[in-house]
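Student:
Protein chains: 2
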Amino acid sequence: MKGRDNMERTSHISELRKIIAMERSNGRKIALIPTMGYLHRGHLALVEQAKQTGAFIVVSIFVNPLQFGPNEDYENYPRDFDRDANLVKDAGVDALFHPTVEEMYPRPIVTYVEVGQLDTVLCGAKRPGHFRGVTTVVSKLFHIIQPDLALFGQKDYQQYLIVKRMVNDLNLPIEVCPVAIVREEDGLAISSRNVFLTLEQRHEAKVLSQSLTAAETFLRSGERSARKLEKQVRDIISGNCHGIIDYVEVRDAGDLSEVTMIEGPVLIALAVKFGSTRLIDNKLVEVDPHD
Amino acid sequence: MKGRDNMERTSHISELRKIIAMERSNGRKIALIPTMGYLHRGHLALVEQAKQTGAFIVVSIFVNPLQFGPNEDYENYPRDFDRDANLVKDAGVDALFHPTVEEMYPRPIVTYVEVGQLDTVLCGAKRPGHFRGVTTVVSKLFHIIQPDLALFGQKDYQQYLIVKRMVNDLNLPIEVCPVAIVREEDGLAISSRNVFLTLEQRHEAKVLSQSLTAAETFLRSGERSARKLEKQVRDIISGNCHGIIDYVEVRDAGDLSEVTMIEGPVLIALAVKFGSTRLIDNKLVEVDPHD
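Sequences listed follow chains W and C, in order. For what it's worth, my numbering labels the leading residue of the first sequence as 8, then goes sequentially. For what it's worth, my numbering labels the leading residue of the second sequence as 8, then goes sequentially.
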């Protein structure tokens, strides 16, 4: 048997709440995997990790307009609901929640949940309001589903950290679990947006993960200057593809604060635009301070 | 028997969660009454209303630094914990939660919950950041206690509306219940801050409720101009006390939007300073559009 035959599906908050209340009354823990759909192996890795816990797994699919800027790709964000529904069913997901925009925002929302500091750097600096849109919709999903755990992919490491900080600051009784980046064979981090790449861009895009691997090697071989590492990554990207660098930054892995001399765990993060397609990738590196 | 002998008391989030989980597993509904302590008959009216529901009643006492401005009365806000504990015990409250500042904010909070529009008028215009502090701490309490219902006094009508809007916008599964203002015999709305009034100020302060009653009379007798009503209230206050008017405003009772000609339910709200003591009061008036 590939998956379960009886995956619950609903686009209604009230129906989802009933399904979950029933499972909870049977003593099941609830796991939430919030997605924007157009699912890929990265999402399926989240499902696999959730299955290990024995929890009742809810996947939400909602392309959240609140987290797209006015000039971003909300309208064109890729969507294929039928394919997604089959994928999660085959993967053994227990319930699929796919609300409409009207169900999530029945009237103009005026309430926002905002995580300061962490949201003003990296992607937050380039996409004003983006993380506020993420934390607001994730809050809504947390209140609707009241999961015991929620899983987030580390490709969006900043998003994971922000959600984790929100949960801690606001005392949400939820465990936020990171899941490692899943990559194509040539190293490209899997993303719903990869579908927009031309063949040439797709070929060139492998340089992103290669530049991160190179940076890790420099770091492990003794380089401790964050600025020098950033320059090395930039040089590798600029020299090997037509992508336009949005940012390349080495930051503290715990709170994304600025780092000059690397002495603890760091995040090496980048965003590069191939035409109108913006790709992100990152690598967490822990260095031994005694090296 | 005046109250229950076995009121639970804790200053620890984890212990409170256990107490509540136990009650919930027995099928009890949970009611939350968030307060800043220095309890009075207004708070006890909230307890009485909560008791009608049969819920397990949790009162929180926490003077929340986040909702006080730098020049406001956080340090001097009146506190008398022992008296409060006896009051709620005698009133039949089931659990008293009285966390320290360190328990609620173990590290600097960077996450805020903010209700736009509603928080920029009336008290929000005069106390920047105040309602953001309120909604953030109320979110935390909601996540810690996960109540089925939460009760708020209508003296802070704007606060009640803001919390209600937050709950709706963020899909919190909580019923927000308003409780009518409790007044002294001469009409003064009961408030923890009344203790700061001198005898003369206390005597004069009765003009606040009298001005609201007069406004209601003008309104019921046909006056439909919001500006004229405001002027009448201001004139009554200025002519009968030494208080300094912070604001007097007639606004839509549903969303606090501006009103020129009164055609539906309105809130007549005021804030007046007696020395350094700022008092608020309000009256909700529904008019028959066919009058």
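Note that CB positions come from ideal geometry on N, CA and C, so glycine has one too. Since the model is a prediction, treat every value here as computed from it, not as a measurement.
Would W/K9 pass as an interface residue toward chain C - the criterion being a Cβ-Cβ separation below 8 Å?
Tutor: For the purposes of this step, residue 9 of chain W is taken as residue 2 along the first sequence, with counting starting at 1. With a pLDDT of 47 at W/K9, under the threshold of 50, the predicted position of this residue should be treated as unreliable, and no value is reported.
Student: How long is the line joining the alpha carbons of W/V128 and C/I269, rounded to whole angstroms?
Tutor: The count along the first sequence starts at 1 and reaches residue 128 of chain W at position 121. The count along the second sequence starts at 1 and reaches residue 269 of chain C at position 262. Each residue's Cα considered, the two are about 47 Å apart.
Student: Rounded to the nearest angstrom, what separates C/L53 and C/P154 at their Cα positions?
Tutor: Counting from one through the second sequence, the residue named residue 53 of chain C turns up at place 46. Counting from one through the second sequence, the residue named residue 154 of chain C turns up at place 147. Spanning the two alpha carbons is a distance of roughly 15 Å.
Student: Buried or exposed: which applies to C/M8, given that a residue is buried once 16 or more other Cβ atoms fall within 10 Å of its Cβ?
Tutor: The residue given as residue 8 of chain C occupies position 1 in the second sequence. Unreliable placement is indicated for C/M8, whose pLDDT of 42 sits below 50; no coordinate value is reported for it.
Student: For W/G282, which of helix, strand or coil comes out of DSSP?
Tutor: The residue labelled residue 282 of chain W in the question sits at position 275 within the first sequence. In this structure, W/G282 counts as coil in the three-state DSSP scheme.
Student: Does the beta carbon of C/N178 sit closer than 8 Å to a beta carbon anywhere in chain W?
Tutor: Position 171 of the second sequence, counted from the first residue, corresponds to residue 178 of chain C. Chain W, which has a Cβ nearer than 8 Å to the Cβ of C/N178, makes this yes.
Student: At the level of alpha carbons, what is the spacing between C/G10 and C/L156?
Tutor: Position 3 of the second sequence, counted from the first residue, corresponds to residue 10 of chain C. Position 149 of the second sequence, counted from the first residue, corresponds to residue 156 of chain C. The pLDDT assigned to C/G10 is 49, lower than 50, so where the model puts this residue is not dependable; a value taken from the coordinates is nonetheless given after this. Rounded to the nearest angstrom, the two C-alpha atoms are 22 Å apart.
Student: Can you pull the chain W neighbours of C/H150, defined as C-beta to C-beta under 8 Å?
Tutor: Here residue 150 of chain C refers to the residue found at position 143 when the second sequence is read from its first residue. Near C/H150 (Cβ distances below 8 Å), the residues of chain W are L177, N178, L179, P180.
Student: Mind checking who W/T42 pairs with in its DSSP beta bridge?
Tutor: Within the first sequence, residue 42 of chain W is the residue found at index 35, counting from 1. Answer by DSSP bridge pairing, in chain order: W/I68.
Student: Which same chain residues end up closer than 7 Å to C/L168 when comparing Cβ atoms and leaving out the 5 residues on each side of it in sequence?
Tutor: The residue given as residue 168 of chain C occupies position 161 in the second sequence. Within the same chain, Cβ atoms closer than 7 Å to the Cβ of C/L168 are found at L125, L263, the five residues on either side in sequence being excluded.
Student: Per DSSP, what are the beta-bridge partners of W/Y81 in this structure?
Tutor: Reading the first sequence from its first residue, position 74 is the one you call residue 81 of chain W. Per DSSP, none; premise fails for W/Y81.
Student: Within a Cβ cutoff of 7 Å, which residues of the same chain sit near W/D87, ignoring the five residues on either side of it in sequence?
Tutor: Position 80 of the first sequence, counting from 1, holds the residue named residue 87 of chain W. Within the same chain, W/D87 has close Cβ partners Y45.
Student: Let's test the definition: count the other Cβ atoms within 10 Å of the Cβ of C/A187 and tell me whether it reaches 16, buried, or not, exposed.
Tutor: The count along the second sequence starts at 1 and reaches residue 187 of chain C at position 180. The C-beta of C/A187 has fewer than 16 other C-beta atoms within 10 Å across all chains shown, which makes the residue exposed.
Student: Please state whether the Cβ-Cβ distance between C/T60 and C/K96 is less than 8 Å.
Tutor: Looking up residue 60 of chain C in the second sequence gives position 53. Looking up residue 96 of chain C in the second sequence gives position 89. The answer is no: Cβ separation not under 8 Å.
Student: So the candidates are W/G250, W/A196, W/P41, W/E265; which of them puts its Cα closest to the Cα of W/V70?
Tutor: Numbered from 1 along the first sequence, position 63 holds the residue referred to as residue 70 of chain W. That would be W/P41, whose Cα lies nearest to the Cα of W/V70.
Student: Is the region 211–218 of chain W in contact with the region 192–200 of chain W, if contact means three or more CB pairs nearer than 8 Å?
Tutor: yes
Student: I need the straight-line Cα distance from C/A62 to C/E15, nearest angstrom please.
Tutor: For the purposes of this step, residue 62 of chain C is taken as the residue at position 55 of the second sequence. For the purposes of this step, residue 15 of chain C is taken as the residue at position 8 of the second sequence. The C-alpha of C/E15 is placed about 15 Å away from the C-alpha of C/A62.
Student: Determine the extent of the beta strand (DSSP E) in which C/A187 is found, giving its start and end residues.
Tutor: Counting from 1 along the second sequence, the entry for residue 187 of chain C is found at position 180. Run containing C/A187: none; DSSP gives neither H nor E here.
Student: Pair every Cβ in the region 73–89 of chain W with every Cβ in the region 24–35 of chain W, then say whether three or more of these pairs are closer than 8 Å.
Tutor: no
Student: Do W/A212 and W/L204 have their CB atoms nearer than 8 Å?
Tutor: As a working note, residue 212 of chain W is residue 205 in the first sequence. As a working note, residue 204 of chain W is residue 197 in the first sequence. Their beta carbons are under 8 Å apart, which means W/A212 touches W/L204 by this criterion.
Student: Work out the CA separation of C/E109 and C/V120 for me, nearest whole Å.
Tutor: Against the second sequence, residue 120 of chain C aligns to sequence position 113. Against the second sequence, residue 109 of chain C aligns to sequence position 102. Whole-angstrom Cα-Cα distance: 20 Å.
Student: Give me the subset of the region 105–128 of chain C whose CB atoms are less than 8 Å from a CB atom of chain W, sorted by chain position.
Tutor: I116, V117, T118, Y119, V120, E121, V122, G123, Q124, L125
Student: For the beta strand (DSSP E) that contains W/D259, what are its first and last residues?
Tutor: For the purposes of this step, residue 259 of chain W is identified with residue 252 of the first sequence, where counting begins at 1. Unbroken beta strand (DSSP E) run through W/D259: 251–259.
Student: Going by the CB atoms, is the gap between C/I287 and C/K162 shorter than 8 Å?
Tutor: Counted from its first residue, the second sequence places residue 162 of chain C at position 155. Counted from its first residue, the second sequence places residue 287 of chain C at position 280. A contact, by the Cβ cut-off of 8 Å.
Student: Alpha carbon to alpha carbon, how far is C/L2 from C/T220?
Tutor: Since the first residue of chain C shown is 8 and the last is 298, residue 2 of chain C is not available in this structure.
Student: Just confirm the distance between the C-beta atoms of W/I275 and W/V257, as a whole number of angstroms; I'd bet it's less than 8 Å.
Tutor: Position 268 of the first sequence, counted from the first residue, corresponds to residue 275 of chain W. Position 250 of the first sequence, counted from the first residue, corresponds to residue 257 of chain W. Going by Cβ atoms, the distance from W/I275 to W/V257 rounds to 5 Å, so yes, they are a contact pair.
Student: Is any heavy atom of the ligand HEM found at a distance shorter than 7 Å from the C-beta of W/G34?
Tutor: This structure simply doesn't include the ligand HEM, nor any ligand for that matter.
Student: Excluding five sequence neighbours on each side, which residues of the same chain lie with their C-beta closer than 6 Å to the C-beta of C/G131?
Tutor: By one-based count along the second sequence, residue 131 of chain C stands at place 124. Around C/G131: F138.
Student: Roughly how many whole angstroms lie between the Cα atoms of C/L277 and W/T118?
Tutor: In the second sequence, counting from the first residue as 1, residue 277 of chain C sits at position 270. In the first sequence, counting from the first residue as 1, residue 118 of chain W sits at position 111. Cα to Cα, the separation comes out at about 25 Å.
Student: Can you tell me whether C/P106 is buried or exposed? The criterion is at least 16 other CB atoms within 10 Å of its CB, across all chains shown.
Tutor: In the second sequence, residue 106 of chain C corresponds to position 99, counting from 1. By the neighbour-count rule (16 or more Cβ atoms within 10 Å), C/P106 is buried.
Student: Quick one: is C/I20 near chain W, going by C-beta distance under 8 Å?
Tutor: Against the second sequence, residue 20 of chain C aligns to sequence position 13. Between C/I20 and chain W, the shortest Cβ-Cβ separation is below 8 Å.
Student: For W/R16, name the three-state secondary structure that DSSP assigns.
Tutor: Locating residue 16 of chain W in the first sequence gives position 9, where the first residue counts as 1. Three-state DSSP puts W/R16 in a strand.
Student: I want to verify the contact list: residues of chain W whose CB lies under 7 Å from the CB of C/K147, in sequence order.
Tutor: Within the second sequence, the letter at position 140 stands for residue 147 of chain C. Neighbours of C/K147 on chain W, chain order: L177, N178.
Student: Specify the secondary structure class of W/G61 as computed by DSSP and reduced to three states.
Tutor: Taking the first sequence and counting its residues from 1, one reaches residue 61 of chain W at position 54. In this structure, W/G61 counts as coil in the three-state DSSP scheme.
Student: Among C/P185, C/P85, C/V279, C/Q208, which one has its Cα closest to the Cα of C/K133?
Tutor: Start at 1 with the first residue of the second sequence, and residue 133 of chain C comes out as number 126. Nearest Cα to C/K133 within the set C/P185, C/P85, C/V279, C/Q208: C/V279.
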